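Written out below as C-alpha cells is the structure these notes cover.
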Ligand code: HEC
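Residue numbers (the working numbering): 1 to 134.
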C-alpha cells in the first residue's frame with residue numbers, strides 16, 4: 001500500500017516535471033533558419049572533412065564543437081515548434097542523431113577515417129527527411 005502510494009507520488013512528480021519541461025521548450029527560430037544556420041554549417045564540417053582535415057589541436061577542438069552542436073540539434077528537431085511529429089520524422093531524426101553522435105565520438109578520438117566513413121550515413125539522414133517533407 002505504502003509502496004503503491006510512493007510510486008503514484010513519484011509518477012505524479014515525474015509527469016509534472018515532464019509537462020513543465022515541455023512548456024518551457026520553445027523554438028527560437030524557423031525550421032529554415034535552424035537548417036541553414038545550425039545544421040548546415042555543422043554538418044558541412046563533417047561533409048568536407050577530407051578536403052579540410054583538422055591539422056592541429058585547435059582544429060580538432062573546433063570539429064568537436066561542430067559535431068556536438070550537430071548531435072544536439074537532432075534533439076531540437078524533436079521539440080515542439082520544429083518537429084512534424086510523424087514516425088518518418090522521428091526515424092530520420094534518429095538517423096541524423098546516431099551519425100552525429102558517432103561523429104562527435106570520432107572527433108574526440110581524433111579519428112579522421114571514422115569521420116570520413118560517417119559521411120554517407122549523415123547524408124542519408126538529410127536526404128531521407130528532405131525527400132519525405134520538402
Ligand atoms: C527530420 C527531418 C530533417 C532532417 C533530418 C534534416 N532536415 Fe533539412 N530540412 C527539413 C525541412 C522540413 C526543411 C524545410 C524547411 C523550410 O523551408 O521550412 C529543411 C530544409 C533544409 C535546408 C534548406 C533551408 C532553406 O530554407 O534554404 C537545408 C540547407 C537543410 N535542410 C540542410 C539539412 C542537412 C545538411 C541535414 C542533415 C545533416 C538536414 N537538413 C537534415 C527537415 C530535415
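All C-beta atoms in this analysis are idealised placements derived from N, C-alpha and C, irrespective of residue type, glycine included.
Predicted, not measured: the structure shown is a model, and the values here were computed from it.
Span of the alpha helix (DSSP H) holding residue i?
i: residue 55; result: Run containing residue 55: none; DSSP gives neither H nor E here.
i: residue 108; result: 87-108
i: residue 196; result: Here the chain comprises residues numbered 1 to 134, so residue 196 is not present and cannot be evaluated.
i: residue 79; result: Where residue 79 is concerned, there is no enclosing alpha helix (DSSP H), given that its DSSP letter is neither H nor E.
i: residue 115; result: 112-133
With a threshold of 7 Å (Cβ to nearest heavy atom), would residue i be considered close to ligand 1?
i: residue 43; result: yes
i: residue 76; result: no
i: residue 125; result: yes
i: residue 93; result: yes
What number of angstroms, rounded off, separates the C-alpha of residue i from the C-alpha of residue j?
i: residue 53; j: residue 112; result: 7 Å
i: residue 25; j: residue 80; result: 7 Å
i: residue 56; j: residue 23; result: 42 Å
i: residue 86; j: residue 133; result: 10 Å
Determine, for residue i, whether the minimum Cβ-Cβ distance to residues of chain C falls below 8 Å.
i: residue 52; result: Annotation note: the requested chain C is absent from the structure, which comprises a single protein chain.
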